[in-house]
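Q: Going letter by letter, the sequence shown gives residues 1 to 395 in the working numbering. Each residue gets a CB set at the ideal place from its N, CA and C atoms; glycine is no exception. I'd like to ask some things about the structure below.
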Amino acid sequence: TTAPRIDAVFDLDALLTPEERDWQQRARAFAQERILPVIEEDFENAHFRRELIAELGAAGFLGMHLTGYGCAGAGAVAYGLACLELEAADSGWRTFVSVQGSLAMSAIAKYGSEEQKQTWLPRMATGDAVGCFALTEPQGGSDPAAMTTTARRDGDGWVIDGAKRWIGLASLADVAVVWARVDDPALGEGGRAVRGFLVPTATPGFTATPITGKLSMRASVQCDVALDDVRLPADAILPGAEGLSGPFGCLNEARYGIIWGAMGAARSCLEAALERATGREVFGKPIGANQLTQAKLADMLLEVEKGILLALHLGRLKERGALTPAQISVGKLNSVREALEIAHQARSILAGDGITNAYPVMRHAANLESVRTYEGTDEIHQLVIGRALTGLSAF
Ligand code: TGC
Numbered sequence: 001t002t003a004p005r006i007d008a009v010f011d012l013d014a015l016l017t018p019e020e021r022d023w024q025q026r027a028r029a030f031a032q033e034r035i036l037p038v039i040e041e042d043f044e045n046a047h048f049r050r051e052l053i054a055e056l057g058a059a060g061f062l063g064m065h066l067t068g069y070g071c072a073g074a075g076a077v078a079y080g081l082a083c084l085e086l087e088a089a090d091s092g093w094r095t096f097v098s099v100q101g102s103l104a105m106s107a108i109a110k111y112g113s114e115e116q117k118q119t120w121l122p123r124m125a126t127g128d129a130v131g132c133f134a135l136t137e138p139q140g141g142s143d144p145a146a147m148t149t150t151a152r153r154d155g156d157g158w159v160i161d162g163a164k165r166w167i168g169l170a171s172l173a174d175v176a177v178v179w180a181r182v183d184d185p186a187l188g189e190g191g192r193a194v195r196g197f198l199v200p201t202a203t204p205g206f207t208a209t210p211i212t213g214k215l216s217m218r219a220s221v222q223c224d225v226a227l228d229d230v231r232l233p234a235d236a237i238l239p240g241a242e243g244l245s246g247p248f249g250c251l252n253e254a255r256y257g258i259i260w261g262a263m264g265a266a267r268s269c270l271e272a273a274l275e276r277a278t279g280r281e282v283f284g285k286p287i288g289a290n291q292l293t294q295a296k297l298a299d300m301l302l303e304v305e306k307g308i309l310l311a312l313h314l315g316r317l318k319e320r321g322a323l324t325p326a327q328i329s330v331g332k333l334n335s336v337r338e339a340l341e342i343a344h345q346a347r348s349i350l351a352g353d354g355i356t357n358a359y360p361v362m363r364h365a366a367n368l369e370s371v372r373t374y375e376g377t378d379e380i381h382q383l384v385i386g387r388a389l390t391g392l393s394a395f
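Okay, here's the thing in structure tokens:
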């Protein structure tokens, strides 16, 4: 882009380590060289460019915040910066990295047996294997406690029946982390808990069907998943997760990435608006020489910079192991809400051309509607924050 570098205005670099700046620059280069040249075409054609997966793996972005098993072992801030740069290109590609690294790989890294980790994580880090995370069900995503998918014992093994919806990458995935309610007295206290299972997607009875008609996230894939009499060996269960804190622990990771990522989409919208404001003349002067336009640009910059500083603060807390779910809700709610407002303001500065794909703004706005909904809606995060403030649960 020819627009001034927005982050240079605030000197974010001064708050980062050289290693973090290096991750950010590499993610920015990947986004600009590999995603941006094709994203409008892919969004229009609803095409997921699968060949980029191996490139993301080779560049170290898949599970980059995990340690060992071929993962890069980067810090939380470095991971966040990569999310920001990828989402500055398109939310669909940040979502891919989130589903693979923060959800599927995190579930295996946090809760898997040593054998499960050895089997899956190195291949997922290179992109040779793709994972998905099957939690949400068709009747509604906000209340996973109402889950109806079941896992019952069959001899030593398991049989899973149920349905999932909005599962990113499921039709491309090699392995699905499937969350199901078990009914197994042999497991004692945990015998009726929600548990996680590693389901190779080639297992008979596992069917993933891409959801069509999406006007958002068109360059990525979300699926309906049917689980009909899916038979698994005894060791398919994730031994370290019992109850909903298992999947919620992974959602924390993905929500954290969104806090940074949405600010990337916002920055891209601001850059587009700035370029237009300085390059186009109306009433005999650049649009950006009008006070009303400058007020919009200034307000957009405030929210981008505040959002990135909040993300950085939360990232430093995360690196100290001190980040709480309520703090994550503050960040997710704020970043996505403000990014959407910035996209709308940018569209107004771009006027009629803002609704075309000559600019990324409508694509970001459409994508952010999904980001606003998945990983906890605005309302869910308001209620998490409300509970933290009052001690009263309003769910
Ligand atoms: P509650 O049932 O009381 O709690 C269950 C257990 O979970 C624990 N917990 C958490 N643990 C870790 N991190 C968190 N953020 C946690 N939140 C809750 C809780 O302590 C309890 O543990 P235990 O040991 O006592 O059993 O649930 P709650 O009242 O705490 O939570 C209610 C609510 C509404 C906040 C929660 O249900 C929620 O977050 N709902 C939104 C779910 C959501 O975000 N779904 C969207 C998922 S996105 C997706 O699946 C697609 S991924 C993207 C893709 O595939 O493309």
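Hey, is Q327 close to the ligand TGC, as in C-beta under 7 Å from one of its heavy atoms?
A: Position 327 of the sequence shown, counted from the first residue, corresponds to residue 327. Answer for Q327: no, Cβ out of range of the ligand TGC.
Q: Less than 8 Å between the beta carbons of A265 and N367, yes or no?
A: Along the sequence shown, one-based indexing puts residue 265 at 265. Along the sequence shown, one-based indexing puts residue 367 at 367. Contact: yes.
Q: Measure the CB-CB distance between A104 and Y69 and report whether it falls below 8 Å.
A: Taking the sequence shown and counting its residues from 1, the one referred to as residue 104 is at position 104. Taking the sequence shown and counting its residues from 1, the one referred to as residue 69 is at position 69. Cβ distance not < 8 Å, so A104 and Y69 don't count as in contact.
Q: Can you grab the Cα-Cα spacing for the pair V230 / G243, in whole Å?
A: Locating residue 230 in the sequence shown gives position 230, counting from the first residue. Locating residue 243 in the sequence shown gives position 243, counting from the first residue. For V230 and G243, the distance between alpha carbons rounds to 21 Å.
Q: Grab the span of the alpha helix (DSSP H) containing F206 for me, first residue to last.
A: Position 206 of the sequence shown, counting from 1, holds the residue named residue 206. No alpha helix (DSSP H) holds F206; the beta strand (DSSP E) holding it covers 206-210.
Q: Measuring only from the beta carbon, is G155 closer than 7 Å to any heavy atom that is part of the ligand TGC?
A: The residue you call residue 155 lines up with position 155 of the sequence shown. No, the beta carbon of G155 sits no closer than 7 Å to any heavy atom of the ligand TGC.
Q: On the criterion of 16 or more Cβ atoms from any shown chain inside 10 Å, does E87 qualify as buried, or is it exposed?
A: As a working note, residue 87 is residue 87 in the sequence shown. Under this definition E87 is a buried residue.
Q: If we ignore side chains and look at the alpha-carbon of each, how far apart do G321 and G315 end up?
A: Within the sequence shown, numbered from 1, the residue matching residue 321 stands at position 321. Within the sequence shown, numbered from 1, the residue matching residue 315 stands at position 315. Roughly 10 Å between the two C-alpha positions.
Q: Kindly confirm or deny that the segment 65-81 and the segment 19-29 touch, where touching means at least three C-beta pairs closer than 8 Å.
A: Touching, yes.
Q: Taking a contact to mean a Cβ-Cβ separation below 8 Å, would you say A254 touches S91 in this structure?
A: Start at 1 with the first residue of the sequence shown, and residue 254 comes out as number 254. Start at 1 with the first residue of the sequence shown, and residue 91 comes out as number 91. In this structure, S91 does not lie closer than 8 Å to A254 by Cβ.
Q: CB of W252 to nearest heavy atom of the ligand TGC: below 7 Å?
A: For this step, residue 252 is matched to residue 252 along the sequence shown. Looking at the sequence itself, residue 252 is Asn, so the reference to Trp does not match. Under cutoff, so the answer is yes.
Q: Using the rule of at least 16 other Cβ atoms within 10 Å of the residue's Cβ for burial, across every protein chain shown, is F206 buried or exposed?
A: Here residue 206 refers to the residue found at position 206 of the sequence shown. F206 comes out buried.
Q: My assumption, with CB atoms under 8 Å, is that I328 sits in contact with N252. Please give the rounded CB distance.
A: Along the sequence shown, one-based indexing puts residue 328 at 328. Along the sequence shown, one-based indexing puts residue 252 at 252. Indeed they touch by this definition, with Cβ atoms about 6 Å apart.
Q: What residues are listed by DSSP as bridge partners for I167?
A: In the sequence shown, the residue the question calls residue 167 occupies position 167. DSSP output for I167 lists C223 as bridge partner(s).
Q: Under the DSSP definition of a beta bridge, which residues are partnered with L198?
A: Position 198 of the sequence shown, counted from the start, is the residue given in the question as residue 198. Paired residues: V177.
Q: Check the DSSP bridge columns for D161 and list the partner residues they point to.
A: If you number the sequence shown from 1, residue 161 lands on position 161. According to DSSP, D161 bridges with T150.
Q: Contact defined as beta carbons within less than 8 Å: I believe G191 pairs with P185. What is the distance between those atoms, to the nearest angstrom?
A: Locating residue 191 in the sequence shown gives position 191, where the first residue counts as 1. Locating residue 185 in the sequence shown gives position 185, where the first residue counts as 1. That pair is a contact at about 5 Å.
Q: Within 10 angstroms of its Cβ, does Q291 collect 16 or more other Cβ (buried), or is it exposed?
A: In the sequence shown, counting from the first residue as 1, residue 291 sits at position 291. So Q291 ends up on the exposed side.
Q: If you drop the 5 nearest sequence neighbours on each side, which residues of the same chain put their C-beta closer than 6 Å to that of M362?
A: Mapped onto the sequence shown, residue 362 falls at position 362. Cβ within range, chain order: I355.
Q: Any heavy atom of the ligand TGC inside 7 Å of the beta-carbon of E375?
A: Residue 375 sits at position 375 when you count from the first residue of the sequence shown. Yes; taking the cut-off as 7 Å, the Cβ of E375 has a heavy atom of the ligand TGC nearer than that.
Q: Would you tell me roughly how many angstroms separate the C-alpha atoms of L301 and P239, rounded to the nearest one?
A: In the sequence shown, the residue the question calls residue 301 occupies position 301. In the sequence shown, the residue the question calls residue 239 occupies position 239. Each residue's alpha carbon lies about 46 Å from the other.
Q: Under a three-way DSSP split, which group does P233 fall into?
A: Walking along the sequence shown from the start, residue 233 turns up at place 233. It is coil, neither helix nor strand.
Q: Classify P239 as helix, strand or coil using the three-state DSSP reduction.
A: Indexing the sequence shown from 1 puts residue 239 at position 239. P239 falls in the coil class under three-state DSSP.
Q: Taking one C-beta from the segment 49-68 and one from the segment 119-136 each time, how about it: are there three or more such pairs within less than 8 Å?
A: Touching, yes, given that three or more Cβ pairs across the two stretches are closer than 8 Å.
Q: Assess contact between the segment 207-226 and the segment 272-282, defined as three or more Cβ pairs (one per stretch) separated by less than 8 Å. Is contact present?
A: No, the segment 207-226 is not in contact with the segment 272-282.
Q: When the distance is taken between beta carbons, is E40 closer than 8 Å to V77?
A: As a position in the sequence shown, residue 77 is number 77, starting the count at 1. As a position in the sequence shown, residue 40 is number 40, starting the count at 1. Cβ distance not < 8 Å, so V77 and E40 don't count as in contact.
Q: Compare the C-alpha of R153 against each of L172, M64, A234, E338 and name the closest.
A: Residue mapping note: residue 153 aligns to position 153 of the sequence shown, counting from 1. Among L172, M64, A234, E338, the Cα nearest to that of R153 belongs to A234.
Q: Taking 7 Å as the cut-off, does the CB of D395 come closer than this to any heavy atom belonging to the ligand TGC?
A: As a first step, residue 395 must be located in the sequence shown, where it is residue number 395. One point to set straight first is that residue 395 is Phe, not Asp, in the sequence displayed. Correct: F395 has its Cβ closer than 7 Å to the ligand TGC.
Q: Taking only heavy atoms of the ligand COA into account, decide whether any of them is closer than 7 Å to the Cβ of G257.
A: This structure lacks the ligand COA; its bound ligands are the ligand TGC.
Q: Count the other C-beta atoms from every protein chain shown that fall within 10 angstroms of the C-beta of G284, then say buried if there are 16 or more, exposed otherwise.
A: Numbered from its first residue, the sequence shown carries residue 284 at position 284. The residue is exposed, with fewer than 16 neighbouring Cβ atoms inside 10 Å.
Q: Measuring from the CB of F133, is there a heavy atom of the ligand TGC at a distance below 7 Å?
A: Looking up residue 133 in the sequence shown gives position 133. Checking every heavy atom of the ligand TGC against the Cβ of F133, one is found closer than 7 Å.
Q: Quick check: the Cα distance between T418 and V336, rounded to an integer number of angstroms?
A: With the chain covering only 1 through 395, there is no way to say anything about residue 418.
Q: In the DSSP assignment, find the unbroken beta strand (DSSP E) run with A145 in it and report its ends.
A: Position 145 of the sequence shown holds residue 145. First-last for A145: undefined, no H or E at that position.
Q: Pull up the CB-CB distance for P144 and P247, whole angstroms please, since I reckon it's below 8 Å.
A: On the sequence shown, residue 144 is found 144 positions in, with the first residue counted as 1. On the sequence shown, residue 247 is found 247 positions in, with the first residue counted as 1. With a Cβ gap of about 6 Å, P144 and P247 count as contacting.
Q: Are the CB atoms of V330 and I385 within a distance shorter than 8 Å?
A: Here residue 385 is taken as the residue at index 385 of the sequence shown, counted from 1. Here residue 330 is taken as the residue at index 330 of the sequence shown, counted from 1. Closer than 8 Å, so yes.
Q: Taking only three categories from DSSP, how would you classify F395?
A: Numbered from its first residue, the sequence shown carries residue 395 at position 395. Three-state result, F395: coil.
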